[in-house]
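Student: Chains as they are written, first to last, in this note's numbering: chain A, 31 to 470; chain B, 31 to 470. Using N, Cα and C, we set each Cβ at its ideal position, and we do this for glycine too.
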């Protein structure tokens, strides 16, 4: 095959942004070019890179003529079949991708912020022109969870999705658990190592995980769920003492993203620290690794595990999408898998969920106090599974309790009453316990 | 939508065999019919079930007119778009599927024996007519490993595939490890529980796993590998004592299916008991669960975990394929992903692999014997990582050694020499050690 012929036959793409992920995509397409051409039957050619700093692209071996600063050159070039967005952030990504789709381009994005907030309008634009909108890299880095939910597991009614989808917080909690260290100290270390950003709030407040959960739950349950609809609680209040008490009780602490449809038509979507049994498959997922467990009504429990971030794993997901979309384009079969949000399901308010709870309280250390506390819970139908009196602090005692499965509203009412009681010094922490066995 | 219209628009399929998996497929298509119709945009209708005992199908709610005994009725009916083979065994499945493909039907099969032995001719028949041949259920039950390798991970050069792909042997080894029980005793229990067949040889000799590995390795490395080319060693020689020594050394024993391409163009494919570090993600995969770890040059290590067998998980995989193939058929885009064996790579003879080895020997219990044994290994470039003298049996002693990474041929030569030495009473077991860290 002559070089000219190959070039004439190549699928031409444009890459928006040449940062960490964009560079990874360029590197992968170069390093594995022959392999991909063999698998796809055509070469993939980067015709444009949209990038303010040309040397970011040229240093990777791309020609200067490839680098453009003007998006209109890309969107108006009829040769460009696929636009790959790896800039991140809402704008200008949103406007560019809408433009691209309306011009009949196929779009691939790694942008979880965008999909979790503006997925609907993007999908509508794609559908209007029968074009592809793929976003595997937006959740779980190289883990092929979107394809699994949209295709391989499509025969199943999905009951639940539970995952560790934020590497930064999993790194912090793993270190705190294994080394008994403080949150602040480990956060600083994570920042030094580049695992946490200078402003870590999106990670440690659970917002990053909530965006990913919005995307996963929308696909799993076939209803549009956006980022603001996901309940999110971060890990900033977790103390080594909670982790240690949990370990005594046989639990491991993880920041979990949980989506369930227990009653048909009503979904719960929540991100928060959770105790899970030490034997749960998610309990062994440590450091920056991610894992997502999917429960389907036929497949049972399936877990996918891998690196949830990083240049090369994320590039693997983006280029996996490029190959798939290129194949669709070659077969004039784009738009074959479009938006799957066919229904309008209700989102359960957090107060209505049923859960087990771990509660750590400081109370007066004298006879009858435990009975008083237990009485408050009992009056609100919060039954206790175990109560452990732990240690005295002067004339106070720290107690740890784990409830049975109760409604969160009742628990909150009980805590409010306890807060006002003279025998209660402080409600030190409340952590949800997800105890249903995994891999059932 | 009227029933007639729906029926006229449905994708019509034929199911060959109504045994455990076939019944699962019928049940799933019934239970999740509306959901699947929503996701696909069309209903799926079982027009025929090929089954000798009609009540197997009619008891699931299928009409009598659905059940046929004559395959020609299926293959000659132009309405049938997809033939789903869930009978198992080589014949008559092979002949029927070749006929179906040649008549322009799309084919889905759960038949690992067939794909691992006759994949090539089936793919050629499919390719000739641009039809689909899907086989997700042939490996790992409901785990979407085939789709992951063929599509989601397609951007990667695959370095290795390592998996626990046989539930029966994993159940037996898990029980032996946790309860210190004998192989024979646990096998009998597994047979009672229905986890092992009356004739367990295909499972316990590693042949079932070897078939699955032939399929996985063919896709991973893009070269056709058939069942007889896979080196297979079973678990029948494993003793609780080996497992206990391994645990002391920090290892867990698993029947692993391993495929690697360390030097380009040369692949190793082998199934055998292997010690892996207790912290390895595959070490936590217990009972009848399966898990497959894939190492790609960009994605790093990815692991997929779930139920590797059973009626409902297997049906999930088969119907996932049905939905995908139906979509291809609706879009006149079948044959889009065909055979991926583009190359002819060599298979490394087992003698040429490099590995660490655990060796348990009975030797004379007297000074100088250890030095004599070590000398034999040293002369053949088999260097020892650790030697543990374990216990005396009369005037003999049992010793356990673990080698560094050495070539298997050298190890075998050393063992042959040791066997002929008067100081050696018995070579009790030799087990490969796969120590490279997972999830790198």
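In chain B, what lies closer than 8 Å to residue 335 of chain A by C-beta?
Tutor: What residue 335 of chain A touches in chain B: 311, 332, 333, 334, 335 and 469.
Student: Since I believe residue 427 of chain A is in contact with residue 395 of chain A (beta carbons under 8 Å), could you give me their beta-carbon distance rounded to a whole number of angstroms?
Tutor: At roughly 4 Å, the Cβ-Cβ gap stays under 8 Å, so residue 395 of chain A and residue 427 of chain A are in contact.
Student: For residue 181 of chain B and residue 350 of chain A, which I take to be in contact (beta-carbon distance under 8 Å), what is that distance rounded to the nearest angstrom?
Tutor: Indeed they touch by this definition, with Cβ atoms about 7 Å apart.
Student: List, in order along the chain, the chain B residues whose C-beta lies closer than 9 Å to that of residue 177 of chain A?
Tutor: Within chain B, the residues near residue 177 of chain A are 174, 177, 178, 181 and 182.
Student: Can you give me the C-alpha to C-alpha distance between residue 50 of chain A and residue 183 of chain B, rounded to a whole angstrom?
Tutor: Those two C-alpha atoms are separated by around 20 Å.
Student: Which class does residue 117 of chain A belong to by DSSP, given the choice of helix, strand or coil?
Tutor: The answer is coil: DSSP assigns residue 117 of chain A none of H, G, I, E or B.
Student: Using only the alpha-carbon positions, how far apart do residue 125 of chain A and residue 207 of chain A sit?
Tutor: Computed Cα separation, rounded: 43 Å.
Student: Quick check: the Cα distance between residue 225 of chain B and residue 153 of chain A, rounded to an integer number of angstroms?
Tutor: Rounded to whole angstroms, residue 225 of chain B to residue 153 of chain A spans 46 Å at the Cα level.
Student: Restricting to runs no shorter than 3 residues, where is the beta strand (DSSP E) found entirely within the region 102 to 158 of chain A?
Tutor: As far as the region 102 to 158 of chain A is concerned, its whole beta strand (DSSP E) runs of at least 3 residues are 110 to 115 and 136 to 139.
Student: Mind listing which residues of the region 350 to 364 of chain A have their C-beta closer than 7 Å to chain B's C-betas, in chain order?
Tutor: The region 350 to 364 of chain A vs chain B, Cβ under 7 Å: 350, 353, 354, 357, 361 and 363.
Student: Kindly provide the ranges of any beta strand (DSSP E) runs that are 3 or more residues long and lie completely inside the region 62 to 96 of chain A, ordered along the chain.
Tutor: Counting whole runs of 3 or more residues, the region 62 to 96 of chain A contains the beta strand (DSSP E) stretches 74 to 80.
Student: Anything in chain B within Cβ reach of residue 68 of chain A, meaning under 9 Å, just list it in chain order.
Tutor: Residues of chain B passing the Cβ test: 252, 370, 372 and 373.
Student: Just reading off the alpha helix (DSSP H) that residue 399 of chain B is part of, what are its end residues?
Tutor: 399 to 409 is the span of the alpha helix (DSSP H), which, as asked, contains residue 399 of chain B.
Student: Pull up the CB-CB distance for residue 445 of chain A and residue 417 of chain A, whole angstroms please, since I reckon it's below 8 Å.
Tutor: That belief does not hold up - the Cβ atoms of residue 445 of chain A and residue 417 of chain A are roughly 15 Å apart, past 8 Å.
Student: Can you tell me the Cα-Cα spacing of residue 441 of chain B and residue 460 of chain B, whole angstroms?
Tutor: Approximately 10 Å, taken between the alpha carbons.
Student: Are the Cβ atoms of residue 308 of chain B and residue 277 of chain B separated by less than 9 Å?
Tutor: Against a cut-off of 9 Å, the Cβ pair of residue 277 of chain B and residue 308 of chain B comes out as a contact.
Student: Is DSSP giving residue 193 of chain B helix, strand or coil here?
Tutor: Residue 193 of chain B: strand per DSSP, three-state reduction.
Student: Nearest chain A C-beta to residue 186 of chain B closer than 9 Å, yes or no?
Tutor: True, the Cβ-Cβ gap to chain A drops below 9 Å.
Student: Under the rule that 16 or more other beta-carbon atoms within 10 Å means buried, what is residue 367 of chain B, buried or exposed?
Tutor: It counts as buried.
Student: On the criterion of 16 or more Cβ atoms from any shown chain inside 10 Å, does residue 294 of chain B qualify as buried, or is it exposed?
Tutor: By the 10 Å Cβ count, residue 294 of chain B comes out exposed.
Student: Apart from the five residues on each side of it in sequence, which residues of its chain come closer than 8 Å, Cβ to Cβ, to residue 456 of chain B?
Tutor: Counting only Cβ-Cβ distances below 8 Å, and skipping sequence neighbours, we find 391 and 392.
Student: In the DSSP assignment, find the beta strand (DSSP E) that holds residue 307 of chain B and state where it starts and stops.
Tutor: Note, residue 307 of chain B: beta strand (DSSP E), 296 to 307.
Student: Apart from the five residues on each side of it in sequence, which residues of its chain come closer than 6 Å, Cβ to Cβ, to residue 454 of chain B?
Tutor: 393 and 448, listed in sequence order.
Student: When you compare only the Cα positions, how much space is there between residue 67 of chain A and residue 85 of chain B?
Tutor: The straight-line gap from Cα to Cα measures roughly 50 Å.
Student: Runs of 3 residues minimum, wholly inside the region 185 to 259 of chain B: which ones carry the beta strand (DSSP E) assignment?
Tutor: You should have 188 to 194.
Student: Can you pull the DSSP bridge partners for residue 324 of chain A?
Tutor: DSSP output for residue 324 of chain A lists A:191 and A:332 as bridge partner(s).
Student: According to DSSP, is residue 268 of chain B helix, strand or coil?
Tutor: Coil, per DSSP.
Student: Of all the CB atoms in chain B, is at least one closer than 9 Å to the CB of residue 343 of chain A?
Tutor: Interface residue, yes.
Student: Start and end of the beta strand (DSSP E) containing residue 344 of chain B?
Tutor: Taken as a continuous stretch (DSSP letters only), residue 344 of chain B belongs to no beta strand (DSSP E), being part of the alpha helix (DSSP H) at 341 to 360.
Student: Can you give the Cα-Cα distance for residue 43 of chain A and residue 186 of chain B, rounded to whole angstroms?
Tutor: Residue 43 of chain A and residue 186 of chain B: Cα-Cα distance of roughly 19 Å.
Student: According to the neighbour-count rule (16 or more other Cβ atoms, all chains shown, within 10 Å of its Cβ), is residue 262 of chain A buried or exposed?
Tutor: The residue is buried, with at least 16 neighbouring Cβ atoms inside 10 Å.
Student: Residue 288 of chain B and residue 464 of chain B: beta carbons closer than 9 Å?
Tutor: Contact flag set, yes.
Student: With a threshold of 9 Å between beta-carbons, can residue 62 of chain A be considered close to chain B, or not?
Tutor: Yes, its Cβ sits closer than 9 Å to a Cβ of chain B.
Student: Anything in chain A within Cβ reach of residue 366 of chain B, meaning under 7 Å, just list it in chain order.
Tutor: Under the 7 Å cutoff, chain A gives 357 and 361.
Student: If you draw a straight line from the C-alpha of residue 87 of chain B to the C-alpha of residue 432 of chain A, how long is it?
Tutor: Looking at the two C-alpha atoms, the distance is approximately 49 Å.
Student: Please classify residue 168 of chain B as buried or exposed, where buried requires at least 16 other C-beta atoms within 10 Å of its C-beta.
Tutor: Residue 168 of chain B should be labelled buried.
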